[in-house]
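To start, the structure itself, in structure tokens.
In this note's numbering, the protein residues as written are 25 to 260.
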């Protein structure tokens with residue numbers, strides 16, 4: 025049981041971010057482990073994926089950030105642990121609030137959300153592809169448009185599959201693909217990649233593919249697309 029008298033370790037980091045452009049204008053209160061009550065912790069379900077890590081932050085054992093709407097009568101709560109950037113949610117979460125929390129915490133670093141396959145969070149997270157990482161890599165949208173190629177497949181006006189490249193160098197260019205989970209196993213990735221590979225070769229680039237050994241679907245797709253000369257390497 026957590027006690028209100030528990031003092032926060034000196035290394036607990038306060039969250040200093042900008043909230044002006046958040047989708048949600050709800051009050052966001054940053055609190056420390058020393059302010060946690062049993063009412064607050066009751067908002068979190070310990071059986072959700074890796075949720076014990078959130079409780080480590082709430083107990084002041086590991087570093088992270090804690091947000092809520094009200095200290096004494098919270099309706100929702102959020103914890104982002106620093107080690108992996110995982111965001112844990114409790115209470116009444118809606119799509120707008122979730123988007124605001126993700127936008128907010130991305131100012132501090134990467135953000136990941138884990139949920140069971142039948143969780144309502146899956147529907148809240150089914151949005152357009154996230155281009156934040158690409159934008160950080162290339163710096164500007166103009167650079168992305170200048171140096172990369174891409175094809176998307178739409179369903180009811182929404183992107184459900186996207187195949188895109190990195191930047192070319194020495195006549196070579198990397199390609200990758202992402203498909204919304206509800207539209208996988210329909211051959212969409214193969215179709216998008218085939219068009220992308222053709223466009224790359226038309227522009228004089230040979231393509232290359234990189235994926236984790238454990239990502240069997242990606243490996244199988246690469247083989248289906250005709251990639252050969254597989255070679256395993258270590259990434260430390």
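In this text, a Cβ means the ideal position worked out from N, Cα and C, and glycines have one as well.
C-beta contact flag for residue i and residue j at 8 Å
i	j	result
residue 138	residue 73	yes
residue 144	residue 109	no
residue 177	residue 212	yes
residue 91	residue 53	yes
residue 102	residue 95	no
residue 196	residue 230	yes
residue 156	residue 182	no
residue 261	residue 246	Summary: the structure shown does not reach residue 261, with the chain confined to residues 25 through 260, and so no result is reported for it.
residue 98	residue 67	yes
DSSP beta-bridge partners of residue i
i	result
residue 100	115
residue 183	178
residue 136	110
residue 164	Bridge partners of residue 164: none, in fact.
residue 89	104
residue 232	198
residue 53	92
residue 120	BP columns for residue 120 are empty, so no partner.
residue 188	174, 200
Local Cβ density within 10 Å of residue i, reported as buried at 16 or more and exposed below that
i	result
residue 114	buried
residue 51	exposed
residue 105	buried
residue 27	The predicted model places residue 27 with a pLDDT of 25, which falls under 50 and marks its position as unreliable; any figure quoted below should be read in that light. It is exposed - the Cβ of residue 27 has fewer than 16 other Cβ atoms within 10 Å.
residue 257	exposed
residue 81	buried
residue 78	buried
residue 159	exposed
residue 49	Residue placement at residue 49 cannot be trusted, given a pLDDT of 49 that sits under 50; what the coordinates show is reported in the next sentence. Its Cβ having fewer than 16 others within 10 Å, residue 49 is exposed.
residue 240	exposed
residue 85	exposed
residue 248	exposed
residue 45	Model confidence at residue 45 stands at a pLDDT of 47, short of 50, so the residue's coordinates are unreliable; what they give is reported in the following sentence. Residue 45 should be labelled exposed.
residue 232	exposed
residue 199	buried
residue 253	exposed
residue 221	buried
residue 259	exposed
residue 203	buried
Integer Cβ distance of residue i from residue j, believed to fall under 8 Å
i	j	result
residue 132	residue 194	Actually they do not touch by this definition, with Cβ atoms about 36 Å apart.
Exercise for review: Specify whether the region 55-63 and the region 110-129 touch according to this definition: at least 3 beta carbon pairs, one from each stretch, less than 8 Å apart.
Suggested key: The region 55-63 is not in contact with the region 110-129.
Review point. With contact counted as at least three CB pairs below 8 Å, one residue from each stretch, are the region 208-218 and the region 184-195 in contact?
Key: Cβ pair count under 8 Å is three or more, so yes.
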